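Novice:
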Amino acid sequence: MIIKQQFIDGKWVNSKSNETRDIINPFNQEVIARVTESDETDARAAIKVARYAFDHGEWPTTPATERGHVVNKIADLIERDKEELAELESLDTGKTMEESRGDMDDIAGVFRYYAQLADKDGGEIIDSPVANSVSKVVREPVGVCGQITPWNYPLLQASWKLAPALVAGNTLIMKPSEITPLTSIKVFELMEEAGVPAGVANLVLGAGGTVGAELSVHDDVDLISFTGGIQTGKKIMQAASGNVKKLALELGGKNPNIIFADADFDTAVDQAMNAVFFHAGQICSAGTRILVEESIHDAFVKSLTDKVKNIKLGSGFDEDTQMGPLISEQHLNKVMRYVENGIKEGATVATGGKRPTDPELQNGFFYLPTILTNCTTDMDVVQNEGFGPVITVEKFSTEAEAIKLANDSIYGLSGGVWTADIAKAERCVAKMRMGTVWINDFNLYFPHAPWGGFKQSGIGRELGKAGLEEYTETKHIFHNLKPEPINWFQ
Ligand code: NAD
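For the record, in the sequence shown the residue sitting at position 252 is 256 according to this note's numbering, with numbers rising by one throughout.
If you want it as structure tokens, here you go:
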């Protein structure tokens, strides 16, 4: 069994209480690791270290080019240990090895992208209204950053926070999800090997209500970057108000996927399926809300259902597995209740809607890929994020209706439009209130493009230049080159 500690001030240590937590494989419920379990005391110790490293350490003033080299080295080490990292991620989350390997490539790409951005913004000289003066704008690190991540893409979500925070010269305390900490622990080993100085990046393992809450409320933390559910995001906003922390919140989504009758039918069906069932639908940007034009509705549902019935469930380590289990028993129960509620509201189960009966899947938290038809926008199952392998299908008959339905949500993370009509696609995306909109695609993201939500899907952006700016404060410096008395009060 894997036994792991947390990383504070450049040392691997147990929690002060010596408590531990067992990490469970969602495929068979076996204990795969035992990790130290912290509480507020350890969080406060890590905050003190990060504060000292920011206020008195060299990292914030290390030349950005050098910080970039260290972050680039982290990318090298991730590539070197890709297979080990992918195995840890699949063990911990149940996702297929193919998905985990893809995640690791993306993660190395994120570190590399930010490494090369490190020294590209040397500030700017702006026009001054005063003669004999220089006015310049520079970006400085924010300070001590608390970073809180979810369980669905444990290391990917961590990379979106670690790489820009380090490149910008901040110090940080990361708290990964308590149920999937293994790849985050490993990447801290790699960051140590890459030469991130002691105290700059600290890892505290523990629950949200203790460690996460302490990071959110503590006055010595300057910024919280959080990825997770809306309800937790709201609690963090309240906790962070005490010292008016900067906040970056990446929250949930219930993402519309609009399919017009003139779209390439087979591609739209195939991609509608991919948009949801990767990682058993546990994706913030999953296209779980399909809006399909009335004239092709029945054919579309039939074709999608036929394909979805063939999705192969199993261990993430079997090469022919296409979909793994859900993350935990608690989450499985939540998804089951979500679907049962949808059925009570009037939705029809086209396929799925229950657990699989295969004997070899009984110890895992499996749920069949599910399509619910006859859905309407007023239903909870359409409005709420189920975060499982569940699609709801609604019909529309006009472009205006499609846009109205797509925007009828508290969420605004992402959405897609499928059509052969370029002008129609552009009209739609201009009106869709979401942070990312795909035309004839779904779920594609990459390090250069900003990621984040409109409405209650969040505040701020990760990835892209915007993701680096989140970790900086803008400072205006005015330099009077010929100071003279003003004599205003004479
Ligand atoms: P969650 O909100 O339950 O937990 C996320 C993290 O917050 C965990 O580390 C948890 O320990 C911590 N936490 C819990 N209570 C806390 C508190 N009171 N104070 C501080 N921290 C606390 O979310 P989850 O179930 O781990 O993840 C699923 C959610 O994440 C979904 O809603 C999904 O859409 C969202 N998500 C969003 C994005 C995005 O990019 N927008 C990406 C991935 C996941």
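Idealized CB from N, CA, C, for every residue including glycine.
No experiment lies behind these values; they were computed from the predicted model shown.
In the DSSP assignment, the beta strand (DSSP E) including N491 goes from what residue to what residue?
Specialist: As a working mapping, residue 491 is identified with position 487 in the sequence shown. Counting along the chain, N491 falls outside any beta strand (DSSP E), and DSSP gives it neither H nor E.
Novice: In whole angstroms, give me the CA-to-CA distance for G113 and D13.
Specialist: By 1-based counting over the sequence shown, the position of residue 113 is 109. By 1-based counting over the sequence shown, the position of residue 13 is 9. Straight-line Cα distance between these residues: approximately 27 Å.
Novice: Flag S492 as yes when its Cβ comes closer than 7 Å to any non-hydrogen atom of the ligand NAD, and as no otherwise.
Specialist: Here the question's residue 492 lines up with position 488 in the sequence shown. One detail in the question is off: residue 492 reads as Trp in this sequence, not Ser. Result no, Cβ not under 7 Å from the ligand NAD.
Novice: Roughly how many angstroms lie between the CA atoms of G173 and H73, to the nearest whole one?
Specialist: Translated into positions along the sequence shown, residue 173 becomes position 169. Translated into positions along the sequence shown, residue 73 becomes position 69. G173 and H73: Cα-Cα distance of roughly 13 Å.
Novice: Quick check: does the Cβ of N367 come within less than 7 Å of any heavy atom belonging to the ligand NAD?
Specialist: As a first step, residue 367 must be located in the sequence shown, where it is residue number 363. For the ligand NAD, not one heavy atom lies less than 7 Å from the Cβ of N367.
Novice: Residues in the same chain with beta-carbon distance under 6 Å from L253, minus the five sequence neighbours each way, listed in chain order, please.
Specialist: As a working note, residue 253 is residue 249 in the sequence shown. Taken in chain order, the residues that qualify are F230, G237, G462 and I463.
Novice: Where T3 and V248 are concerned, what is the direct C-alpha to C-alpha distance, given to the nearest angstrom?
Specialist: Residue 3 is absent from the structure shown; the chain starts at 5 and stops at 494.
Novice: Does the distance between the C-beta of K179 and the nearest non-hydrogen atom of the ligand NAD fall short of 7 Å?
Specialist: Counted from its first residue, the sequence shown places residue 179 at position 175. Yes; taking the cut-off as 7 Å, the Cβ of K179 has a heavy atom of the ligand NAD nearer than that.
Novice: Relative to the C-alpha of T374, which residue among A404, L160 and G285 is closest?
Specialist: Position 370 of the sequence shown, counted from the start, is the residue given in the question as residue 374. If we check each option's Cα against that of T374, G285 comes out closest.
Novice: Going by alpha carbons, who is nearest to T153 out of I51, V208 and F321?
Specialist: Sequence index remark: in the sequence shown, residue 153 carries index 149 (1-based). Among I51, V208 and F321, the Cα nearest to that of T153 belongs to V208.
Novice: What residues in its chain sit with their C-beta under 8 Å from that of E349, if we drop five residues either side in the sequence?
Specialist: Position 345 of the sequence shown, counted from the start, is the residue given in the question as residue 349. Excluding sequence neighbours, E349 sits near M383, D384 and V385.
Novice: Is the beta carbon of N388 within less than 7 Å of some heavy atom of the ligand NAD?
Specialist: What you label residue 388 is simply residue 384 of the sequence shown in a count that begins at 1. N388: no, Cβ never under 7 Å from the ligand NAD.
Novice: Using three-state DSSP, classify N76 as helix, strand or coil.
Specialist: Position 72 of the sequence shown holds residue 76. Helix, per DSSP.
Novice: Can you check the stretch 226 to 279 for any beta strand (DSSP E) of at least 3 residues that lies completely inside it and give the ranges in chain order?
Specialist: Complete beta strand (DSSP E) runs here, min 3: 227 to 231, 250 to 254 and 260 to 263.
Novice: Is S461 near the ligand NAD - that is, is its Cβ less than 7 Å away from at least one heavy atom of it?
Specialist: On the sequence shown, residue 461 is found 457 positions in, with the first residue counted as 1. Because some heavy atom of the ligand NAD lies under 7 Å away, the Cβ of S461 counts as near it: yes.
Novice: Between the Cα of G419 and the Cα atoms of Y449, P329 and A351, which residue gives the shortest distance?
Specialist: Taking the sequence shown and counting its residues from 1, one reaches residue 419 at position 415. Nearest C-alpha to G419: Y449.
Novice: For the alpha helix (DSSP H) containing I51, list its first residue and its last residue.
Specialist: As a position in the sequence shown, residue 51 is number 47, starting the count at 1. Element bounds for I51: E44 to H60.
Novice: In this structure, what does DSSP give as the bridge partners for S139?
Specialist: In the sequence shown, the residue the question calls residue 139 occupies position 135. DSSP lists I130 and F482 as partners of S139.
Novice: Looking at C-alpha atoms only, which residue of V146, L170, I78 and P180 is the closest neighbour of A162?
Specialist: Working through the sequence shown from its first residue, we reach residue 162 at position 158. Measuring from the Cα of A162, the nearest candidate turns out to be P180.
Novice: Bridge partners for E477 per DSSP, in chain order?
Specialist: Stepping through the sequence shown from its first residue, residue 477 is reached at position 473. Answer is E144.
Novice: Just to confirm, does E93 get its C-beta within under 7 Å of one of the non-hydrogen atoms of the ligand NAD?
Specialist: Here residue 93 corresponds to residue number 89 of the sequence shown, with the count starting at 1. Outside the cutoff, so no.
Novice: Could you tell me whether the stretch 263 to 277 touches the stretch 288 to 297, using the rule of 3 or more Cβ pairs below 8 Å?
Specialist: Yes: the two stretches touch, three or more of their Cβ pairs being nearer than 8 Å.
Novice: Buried or exposed: which applies to N259, given that a residue is buried once 16 or more other Cβ atoms fall within 10 Å of its Cβ?
Specialist: Within the sequence shown, residue 259 is the residue found at index 255, counting from 1. Flag for N259 reads buried.
Novice: Classify D324: buried if its beta carbon has 16 or more other beta carbons within 10 angstroms, exposed otherwise.
Specialist: Here residue 324 corresponds to residue number 320 of the sequence shown, with the count starting at 1. Classification for D324: exposed.
Novice: Could you check the C-alpha separation between L467 and V225 for me, to the nearest Å?
Specialist: Taking the first residue of the sequence shown as position 1, residue 467 is located at position 463. Taking the first residue of the sequence shown as position 1, residue 225 is located at position 221. For L467 and V225, the distance between alpha carbons rounds to 22 Å.
Novice: Measure the Cβ-Cβ separation of K8 and I189 and say whether it is below 8 Å.
Specialist: Working through the sequence shown from its first residue, we reach residue 8 at position 4. Working through the sequence shown from its first residue, we reach residue 189 at position 185. Yes, they are a contact pair.
Novice: Closest by CA to F31, which one among W455, H60, A50 and H283?
Specialist: Translated into the one-based positions of the sequence shown, residue 31 becomes position 27. Comparing Cα-Cα distances from F31 to each of W455, H60, A50 and H283, the minimum goes to H283.
Novice: Regarding T380 and the ligand NAD, is the C-beta to nearest heavy atom distance less than 7 Å?
Specialist: Walking along the sequence shown from the start, residue 380 turns up at place 376. T380: no, Cβ never under 7 Å from the ligand NAD.
Novice: For L121, count the other beta carbons within 10 Å of its own beta carbon; 16 or more makes it buried, fewer makes it exposed. Which is it?
Specialist: Numbered from 1 along the sequence shown, position 117 holds the residue referred to as residue 121. The residue in question, L121, is buried, as its Cβ has 16 or more Cβ neighbours within 10 Å.
Novice: Comparing the CB of Q334 with every heavy atom of the ligand NAD, is any distance shorter than 7 Å?
Specialist: Translated into positions along the sequence shown, residue 334 becomes position 330. Q334: no, Cβ never under 7 Å from the ligand NAD.
Novice: Consult DSSP for E344 and reduce its assignment to one of helix, strand or coil.
Specialist: On the sequence shown, residue 344 is found 340 positions in, with the first residue counted as 1. It is helical.
Novice: Please return the same chain residues whose Cβ sits closer than 6 Å to the Cβ of G346, not counting the five positions on each side in sequence.
Specialist: Locating residue 346 in the sequence shown gives position 342, where the first residue counts as 1. Cβ neighbours of G346 beyond the five flanking positions: L376 and V385.
Novice: Say yes only if the C-beta of Q161 is nearer than 7 Å to one or more non-hydrogen atoms of the ligand NAD, and no if none qualify.
Specialist: As a first step, residue 161 must be located in the sequence shown, where it is residue number 157. Indeed, a heavy atom of the ligand NAD lies less than 7 Å from the Cβ.
Novice: Quick one: is the Cβ of C288 within less than 7 Å of any heavy atom of the ligand NAD?
Specialist: Here the question's residue 288 lines up with position 284 in the sequence shown. Yes.
Novice: If you reduce the DSSP assignment to three classes, tell me which class G471 lands in.
Specialist: For the purposes of this step, residue 471 is taken as residue 467 along the sequence shown, with counting starting at 1. In the structure shown, G471 sits in a helix (DSSP, three-state: H, G or I).
Novice: Run the proximity test for L176: is its beta-carbon closer than 7 Å to any non-hydrogen atom belonging to the ligand NAD?
Specialist: As a first step, residue 176 must be located in the sequence shown, where it is residue number 172. No, since every heavy atom of the ligand NAD falls outside the 7 Å radius drawn around the Cβ of L176.
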